[in-house]
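Q: Dropping the structure in here first, questions after.
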Amino acid sequence: MKRIVFLTGPPRIGKTTVLVKAVEGLKSLGYKVGGMVSREVREGGVRVGFKIIDLSTGREGWLAHVRQPTGPKISKYRVNLSDLESVGVKSIRDAVLNADVIVIDEVGPMELFSRSFKEAVKTALESGKPLLGTIHYRARDPLINMIKRHGDAEVLEVTAMNRSRLHETIIEAVSASEPLRSRCRRMGSEKH
Numbered sequence: 029m030k031r032i033v034f035l036t037g038p039p040r041i042g043k044t045t046v047l048v049k050a051v052e053g054l055k056s057l058g059y060k061v062g063g064m065v066s067r068e069v070r071e072g073g074v075r076v077g078f079k080i081i082d083l084s085t086g087r088e089g090w091l092a093h094v095r096q097p098t099g100p101k102i103s104k105y106r107v108n109l110s111d112l113e114s115v116g117v118k119s120i121r122d123a124v125l126n127a128d129v130i131v132i133d134e135v136g137p138m139e140l141f142s143r144s145f146k147e148a149v150k151t152a153l154e155s156g157k158p159l160l161g162t163i164h165y166r167a168r169d170p171l172i173n174m175i176k177r178h179g180d181a182e183v184l185e186v187t188a189m190n191r192s193r194l195h196e197t198i199i200e201a202v203s204a205s206e207p208l209r210s211r212c213r214r215m216g217s218e219k220h
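The numbering of the sequence shown is our numbering, which starts it at 29 and goes up by one.
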């Protein structure tokens, strides 16, 4: 498997769940994981928006909400570009500098309204570090095409058949990637 792994699949198939399980597994192996994940927010059983969470700090912000007064509109939501940039983009930039593994959940229509987000993703792609992310199933954008064509990238589809074990494959592949093997060799030599 390659250094960059992006998950795709239909909405609600479990892309973020697989990604979070992989993150937890990598953290349990001692790797520093940074970047952002998103989660839906429901009120009374109805989805009202999406939050973004910085994996390193736990800081949260709104990616989009039904009651967001301004910002680009997608379906019934308005995108909160301010939180996307102050939480999401910042978390990616910090991960490029300080983490062993970078996480970006998700590269999708809402996030793609931000030029800063696109630049942060490009920087992460070229960082040389392992990168895990999710791509919106039907989104079309030059950045998504760049990810799919990147020589170090692999795009895996999450399905009902593979979602319960896919995180194990990702953990194994990422921890065996050259950037992390080199880190382990350096850490081993520092102990002697």
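The beta-carbon is built from N, C-alpha and C at its ideal position, and this holds for glycine as well.
Remember, predicted model here, so these are calculated numbers, not experimental data.
Within a Cβ cutoff of 6 Å, which residues of the same chain sit near Pro227, ignoring the five residues on either side of it in sequence?
A: The first residue shown for the chain is 29 and the last is 220, placing residue 227 beyond what the model contains.
Q: Answer yes or no: the CB of Ile132 versus the heavy atoms of the ligand MN, is any distance below 8 Å?
A: The model on display carries no ligand, and the ligand MN is accordingly not part of it.
Q: Under a three-way DSSP split, which group does Ile41 fall into?
A: Correct three-state label for Ile41: coil.
Q: Between Glu218 and the rest of its own chain, which residues show a CB-CB distance below 6 Å, the 5 nearest in sequence each way excluded?
A: Reliability of the predicted coordinates at Glu218 is poor, the pLDDT of 46 falling under 50, and the value obtained from them is presented with this limitation in mind. Excluding sequence neighbours, Glu218 sits near nothing in its chain.
Q: Express the C-alpha separation of Arg87 and Lys157 in angstroms, rounding to a whole number.
A: Their backbone Cα atoms lie some 23 Å apart in a straight line.
Q: For Leu171, which three-state DSSP category applies?
A: Here Leu171 sits in helix by DSSP.
Q: Give me the Cα-Cα distance between His93 and Ser110, rounded to the nearest whole angstrom.
A: Near 13 Å, if we compare the C-alpha coordinates of Ser110 and His93.
Q: Give a yes or no on contact between the stretch 71 to 81 and the stretch 192 to 200, applying the rule of three or more CB pairs nearer than 8 Å.
A: These segments do not touch.
Q: Against chain C, does Leu194 count as a neighbour if the rule is that its beta carbon must be under 9 Å from one of theirs?
A: Structure shown: chain C not included; a single protein chain is present.
Q: What three-state label does DSSP hand Val94 in the structure shown?
A: Three-state result, Val94: coil.
Q: Verify whether the separation of the beta carbon atoms of Val231 and Leu83 is less than 9 Å.
A: Because residue 231 is not part of the residues shown, which for the chain are 29 to 220, the question remains open.
Q: Whole angstroms are fine: how far does the CA of Tyr105 sit from the CA of Arg95?
A: Using only the alpha carbons, I get a separation of about 7 Å.
Q: Return the CA-CA distance between Pro137 and Ile198, expressed in angstroms with no decimal places.
A: Going by the C-alpha atoms only, they are around 25 Å apart.
Q: With DSSP as the reference, label Lys79 as helix, strand or coil.
A: Note: Lys79 maps to strand in three-state DSSP.
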